[in-house]
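With my numbering applied, the sequence shown covers 175 to 374.
We put the CB at the ideal spot given by N, CA and C, even for glycine.
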Amino acid sequence: MPNFPPQNLTIATTGASGSLFLKHLLLAVERDRRVQTVNFIASDSALRVIAEELALRGRNNLVRQLLGKASRKIQQQSNDDIGANVASGSYPADAMVIIPCSMGTLARIANGIASQLIERAADVCLKEKRPLVLCVRETPLNKIHIRNLYRAADAGATVFPLIPTFYNRPATFDDLAREFAFRLLAHVGLPQAQAYRWKG
Ligand SMILES: Cc1cc2nc3c(=O)[nH]c(=O)nc-3n(C[C@H](O)[C@H](O)[C@H](O)COP(=O)(O)O)c2cc1C
Numbered sequence: 175m176p177n178f179p180p181q182n183l184t185i186a187t188t189g190a191s192g193s194l195f196l197k198h199l200l201l202a203v204e205r206d207r208r209v210q211t212v213n214f215i216a217s218d219s220a221l222r223v224i225a226e227e228l229a230l231r232g233r234n235n236l237v238r239q240l241l242g243k244a245s246r247k248i249q250q251q252s253n254d255d256i257g258a259n260v261a262s263g264s265y266p267a268d269a270m271v272i273i274p275c276s277m278g279t280l281a282r283i284a285n286g287i288a289s290q291l292i293e294r295a296a297d298v299c300l301k302e303k304r305p306l307v308l309c310v311r312e313t314p315l316n317k318i319h320i321r322n323l324y325r326a327a328d329a330g331a332t333v334f335p336l337i338p339t340f341y342n343r344p345a346t347f348d349d350l351a352r353e354f355a356f357r358l359l360a361h362v363g364l365p366q367a368q369a370y371r372w373k374g
């Protein structure tokens, strides 16, 4: 059974809009002492979107660029390396988050097409009954997207759309993305002390 709260997280990023949400999730897990290991995977399209949205360049030193410092906790894996640790159910990953999750990656996961590491690691989570959280982003949704969302949810994934809250009155995009990361972490069992709490 996976550890709860999770100590070993897989965080993947794909080519949908919303790189700032990824950045704030990585910053939060880097700070969180309950999390001991993070395997981080970026698709080629994610690199393209990150370059566009955060003006960061290239695959090398991506974690350092996103965090603003090096990390010993967050290890980058190649999406081409189907032999990486998280490709096997015998590796003790506790939960996986894909943020943002493109409709292409959703489609491959929902249909069991595990040709690259991100989809294989997600496939492993589903077969091992481990938490898999898909922070999908697209608008509008076509019927293929909607069917794939249903198929992924039906197979055990949590569909956690990249939809931020506004009742906490975020003053900046960073506030908005940070709060989303906190909600996501609370969902996987890692509530954050700094998170906004609605008091009614
Ligand atoms: C700037 C930019 C923004 C994009 N935004 C989205 C998006 O929000 N949702 C989506 O599903 N695809 C989006 N795409 C298209 C995906 O990147 C594309 O379908 C890609 O093949 C997904 O590959 P991946 O799933 O392997 O990362 C965007 C592409 C670019 C260049």
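Arg357 versus Gly257 - alpha carbon distance = A direct Cα-Cα distance of roughly 32 angstroms separates Arg357 from Gly257.
For Leu199 versus Ala269, is the C-beta distance shorter than 8 angstroms?
-> No, the Cβ-Cβ distance between Leu199 and Ala269 is not below 8 angstroms.
If you run the structure through DSSP and keep just helix, strand and coil, what is Gln239?
-> Here Gln239 sits in helix by DSSP.
For the putative contact between Leu336 and Arg311, defined by C-beta atoms under 8 angstroms, what is the C-beta separation to the nearest angstrom?
-> Correct: roughly 4 angstroms between the Cβ atoms.
Pick helix, strand or coil for Met175, following the three-state DSSP scheme.
-> The answer is coil: DSSP assigns Met175 none of H, G, I, E or B.
Integer Cβ distance of Arg233 from Leu221, believed to fall under 8 angstroms | Going by Cβ atoms, the distance from Arg233 to Leu221 rounds to 6 angstroms, so yes, they are a contact pair.
Report yes or no: is there a C-beta of chain C within less than 8 angstroms of the C-beta of Ala281?
-> In summary, chain C is missing from the structure at hand, where a single protein chain is found.
In chain order, what residues of the same chain lie with their CB nearer than 8 angstroms to the CB of Gln181, ignoring the 5 residues before and after it?
-> So the list reads Arg208, Val209, Gln210, Thr211, Asp268, once near-sequence residues are dropped.
Measuring alpha carbon to alpha carbon, tell me which of Pro365, Ser191, Cys299, Met175 ends up nearest Ser375.
-> This structure cannot speak to residue 375, because the chain is shown only from 175 to 374.
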